[in-house]
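Protein chains: 2
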Amino acid sequence: MTITRITQANSERIEIDERRYRRVAVIDLGSNSARLIIMRTLPDRFYYLEDEIREVVRLRSGMTEAGLSKEAMARGVATLRMFNRFCESLAVDELIATTTSAVREAANRDEFLAKVASKVGLRLRVLSGEEEAYYGAIGAQNALPLNEGVVLDIGGGSAQLSLIKAGRWQTGQALTLGALALSERFVESDPPTRSEVRRIRKEVRRQLHEIPWLNEASPTVIGLGGTLRNLARVTIRHRKLPLGTVNGYLLRDDEIKYLVKRFRKLPLNRRQRLAGLSSDRADIIMAGAIVAQEVLRWLGANGMRVATYGLREGLFFEEFWAALDYPVPDDLRESHVRNVALRYNYHATHAAHVQRLALRLFDDLAALHGADARERQWLAAAATLHDIGNAINYEDHHKHSQALILGNGLPAFGPEEVAMIALMSRYHRRGRPKLHGFDPLFDNPAVAVQRLRQLAGMLRVAEFLERSRAGLVTDLRVEWDESDITIQLIGEERPVVEMWDAGRKGVDLMEEAFGRTVHLRYDGEAWA
Amino acid sequence: MTITRITQANSERIEIDERRYRRVAVIDLGSNSARLIIMRTLPDRFYYLEDEIREVVRLRSGMTEAGLSKEAMARGVATLRMFNRFCESLAVDELIATTTSAVREAANRDEFLAKVASKVGLRLRVLSGEEEAYYGAIGAQNALPLNEGVVLDIGGGSAQLSLIKAGRWQTGQALTLGALALSERFVESDPPTRSEVRRIRKEVRRQLHEIPWLNEASPTVIGLGGTLRNLARVTIRHRKLPLGTVNGYLLRDDEIKYLVKRFRKLPLNRRQRLAGLSSDRADIIMAGAIVAQEVLRWLGANGMRVATYGLREGLFFEEFWAALDYPVPDDLRESHVRNVALRYNYHATHAAHVQRLALRLFDDLAALHGADARERQWLAAAATLHDIGNAINYEDHHKHSQALILGNGLPAFGPEEVAMIALMSRYHRRGRPKLHGFDPLFDNPAVAVQRLRQLAGMLRVAEFLERSRAGLVTDLRVEWDESDITIQLIGEERPVVEMWDAGRKGVDLMEEAFGRTVHLRYDGEAWA
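Chains as they are written, first to last, in our numbering: chain E, 627 to 1154; chain A, 627 to 1154.
Right, here's the structure in full:
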């Protein structure tokens, strides 16, 4: 790219023009709860959650052979009327309204759909089990990269399993293994008895046995739904990890086993007070946990990554990525980094320039630090995001950047990667990087902190070489030996501010992390 | 105002168009340090600090009858070159470059100014003592309301005193009472001896005695400058107050006295480690503290409010408020609230509507709660700012709003007011308000928390009555008796979403705070 002098206002306006914003609403009337999400979007480019309403409807409760109960239908209609009204008020550009297993399986589904049409003026799309599995998988693949594996979505009424090959959804189906459905069918005691648990396991295995493709599936699993999000949250709280989101957390089979043991011992009112567990899940979480256990066992997997996107987001992304032949971008990680950056009006030109210089340092010093391509991605992401904290305040913006990255949690990256990117941003100006409680995420914290210091050190030098945001240092070359690192600065004019500021404040961390003296030169003339 | 249905994008674009942004830079070459601030502005409307550089230059050190030393001049020129380069790179629209006492009093000032002109290409404006006092006062009056009183600005080389009457600067002058100047002249021991302290006091009194108008001045004092900011910060840390800024903090004479006692006992290396005290101030803070003490004593005042704006901001505001006959707006508080709201792209239409409904509740219930006009202002401010946390994230945006308000600190409001406004915003959606560590700011915390609950309760009802942001509830009327509060909703159509959501989630806090059942009615028809 060519760097031109450009003001922040301009560079932002190029990226993002609010007049082109659209509002997309997705309504999902599930068996347990109904949700409305409203996304503000710049199609194919940028989106964020603007508003959300969740209502516990329990459409399935009191369901018989005759279908949904009168009361359940009334609750459903009332909630949909509110959601629809809300969308009208916000002048939503597009409304996607769907419902799943409870209505799908109800004998009186047509009666209910007619009620919704006449009383609310809403045409509800009833998703088939296959469609429900597909959209869940699309949500999952937009939250976490998955090339070969399985997506498990545990809902209230049903649970969906999908097969992913070569990055594409192949097949999938809904099973009557929803946490609520199983609880209502098998659980009478509180806490559930050993035999009730045994009968749930037996039923889960019976249904898994029916799935022809499950044996050929690769054992990489992404888990969706409130049950799995809650299991991950309880575990993260238990491990005291300072994570802002559960997305990407690897929930291990032994962690689930431990929780099932605890649930077996705790009566409902104690389960409801479990840290991280939402009280309206406490009664059905046990059955959901058992489904997760059995799927992992069947596939011989020792854990699954939990994703926070699911069916609703899948429906949204089909719309958002309409320009793609399959609604998951090839550059998933880059697109999420860019999305967070745009969310906070990042200075696109400055960020791109810092990234260019930082990656040049990384590449020219490859033989010295030996970091891999994944770590190079972290540096690239931190270079894009290091200044987003300015959206909060110039003062301490490095700390604000850290908070925004951890709070949003960068979909498509694992927790340890998000932590590294957040900490690099935190230390792009000054200070000696520490792991700040993320130690348990790394096999070897000592190695991780040393790597963090090398990466943050290179980011800091790149930032100071672009201190006046003028793109004066267009490129650089690095030479090094046992005792020194010499950075040759390339550009049309001598970068006075940059060499001054970098020389006195920018090189300290890099010198420590690489155990060498860092020299900045322009036209071969020595500075520091 | 009339409420029309409008999308967030539109309502924001009306308020703020980045293409009209300008960058104003102010350079201040002081006796101790040189500062560059860069403001992004929409003249007469909106501004924020975009970037800042501070350099310790100590222009005054080594100064003789012959004037500034060669080394000091060289440091000054080098620093100004960097600042100027930085401004060029950022394509600053306007550059205001000034210098004060050190250059003003230097015999070789013309030589130095010529050097700066030739080597940097910068025309430095040398402020007279009167001008220095004036611009400091303008900064102070933009940070805190002051109708009658005195502004004391303690700098490195000089200290300025200004007289304010009827909200206008009347007269003022610079005294050679800068913290650095006094230290160099009277302090040789570390820590300063009793007799050194005595000689400083004597000199301060001697100079105060020279000021004709000081005896007629009203004893309301605003204090400026690094010395006073540091004294306030040390005190705030000592009291463990969770304040994000020192602006508006009332620094009492007994608090200063306590610190002077400590400084007398601590050698420099211990003073430098004092929590809240910046290490490059530790050596000169004592002299500055004594000046503050003597001014308060002279005026018979028991404390002064500390302001974070000063000379630089005064120079900036002269530019920013060019449309006014005196560069301080009449609606100082409202303009700062609006400024913070615009900084975070608030939803102007929604905020104005919530404010209208909240203030109507306040006014109709006046006889019941008995709150005063000041507390009404807090409610109005919270109604404007309650949603700014959405700039960080929709999830937990009420907590983000609290953090942004505390972090920015709302100029023109006192710390206890900022705390109240932040806490009201924090609790505009749910939860039972507490004081969260701000208790020491209130004479009677029990009364304060009850007031907080009444105000937050009214804000919450107003917010829920505007839940769908459609302005359906255009106005309301309140009736109450011993047991009930009835809110009659006014609007063209029945506000379905609002009555539903407010009825189930919005009235709880108001019911507790007022000890009455709250009913929502539309067209006389009962709902809750």
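Yeah, the Cβ is synthetic: ideal placement off N, Cα and C, and Gly gets one too.
Residue i burial status per 10 Å Cβ neighbour count (16 or more: buried)
i	result
Leu685/E	buried
Arg701/A	buried
Tyr952/E	exposed
Asp677/E	buried
His835/E	exposed
Leu1230/A	What is shown of chain A runs 627 to 1154, which leaves residue 1230/A out entirely.
Ala743/E	exposed
Leu865/A	One detail in the question is off: residue 865/A reads as Arg in this sequence, not Leu. Classification of Arg865/A: exposed, given that the 10 Å Cβ count is below 16.
Thr628/A	For Thr628/A, the pLDDT reaches just 30, beneath the cut-off of 50, and the residue's location in the model is therefore unreliable, leaving the point undetermined.
Ser1051/E	buried
Val1073/A	exposed
Arg661/A	buried
Asp816/A	exposed
Asp1149/E	exposed
Ala692/A	exposed
Inter-residue Cα distance where the pair is residue i and residue j
i	j	result
Leu803/E	Arg735/E	20 Å
Arg938/A	Ile663/A	8 Å
Leu850/E	Ser784/E	12 Å
Asp1069/E	Val823/A	59 Å
Leu892/E	Pro818/E	9 Å
Val682/A	Gly902/A	19 Å
Arg1142/A	Ala1009/A	23 Å
Val1075/E	Thr705/E	50 Å
Arg896/E	Arg1130/A	26 Å
Glu1138/A	Leu857/E	35 Å
Met699/E	Glu737/E	10 Å
Gly755/E	Ala949/E	26 Å
Leu1085/E	Leu941/E	38 Å
Asp1101/A	Glu1042/A	31 Å
His962/A	Leu877/E	47 Å
Val860/E	Leu900/E	7 Å
Trp947/E	Asn873/E	21 Å
Leu787/A	Glu757/A	11 Å
Gly1132/A	Arg1056/A	8 Å
Phe812/A	Arg825/A	7 Å
Leu716/E	Met708/E	12 Å
Gln1028/A	Cys713/E	28 Å
Val718/A	Gly747/A	15 Å
In DSSP terms, what residue i is bridged to
i	result
Ser727/A	In DSSP, Ser727/A forms no bridge with anything.
Ser788/A	Val777/A and Gly798/A
Gln1114/A	Arg1103/A and Arg1147/A
Ile848/E	Val777/E and Arg931/E
Val752/E	Thr725/E
Leu1067/E	DSSP lists no partner for Leu1067/E.
Ala660/E	Leu655/E and Glu681/E
Arg649/A	Arg666/A
Phe625/E	Nothing in the structure corresponds to residue 625/E, since chain E is present only between 627 and 1154.
Gly693/A	Thr690/A
Arg878/E	Gly929/E
Residue i: CB within 8 Å of a non-hydrogen atom of the ligand ADP
i	result
Asp957/A	Among the ligands in the structure shown, none appear at all, so the ligand ADP cannot be discussed.
Whole-number beta carbon distance between residue j and residue i, since they are thought to touch under 8 Å
i	j	result
His1054/E	His1026/E	Their Cβ separation, rounded to whole angstroms, is 12 Å, which puts His1054/E and His1026/E out of contact at 8 Å.
Ala728/E	Met689/E	7 Å
Leu985/A	Val1087/A	Not quite, the Cβ-Cβ distance comes to about 12 Å (not below 8 Å), so this is no contact.
Val776/A	Ala843/A	5 Å
Ala800/E	Ala759/E	6 Å
Proximal chain A residues relative to residue i, where beta-carbon distance stays under 9 Å
i	result
Glu678/E	Tyr1020 and Glu1021
Met1125/E	Result: empty, since nearest Cβ-Cβ is about 10 Å, beyond 9 Å.
Amino acids of chain E, ordered along the chain, whose beta-carbon sits closer than 9 Å to that of residue i
i	result
Arg735/A	In chain order: nothing, as chain E lies at least about 26 Å away.
Proximal residues of chain A, C-beta to C-beta of residue i below 8 Å
i	result
Met1046/E	Those do not exist, as Met1046/E stays about 21 Å from chain A at its closest Cβ, beyond 8 Å.
Closer than 8 Å at the beta carbon, the chain E residues around residue i
i	result
Ser715/A	Arg631, Ser1094, Arg1095, Ala1096, Leu1098 and Val1123
Gly1033/A	Ile1018 and Asn1019
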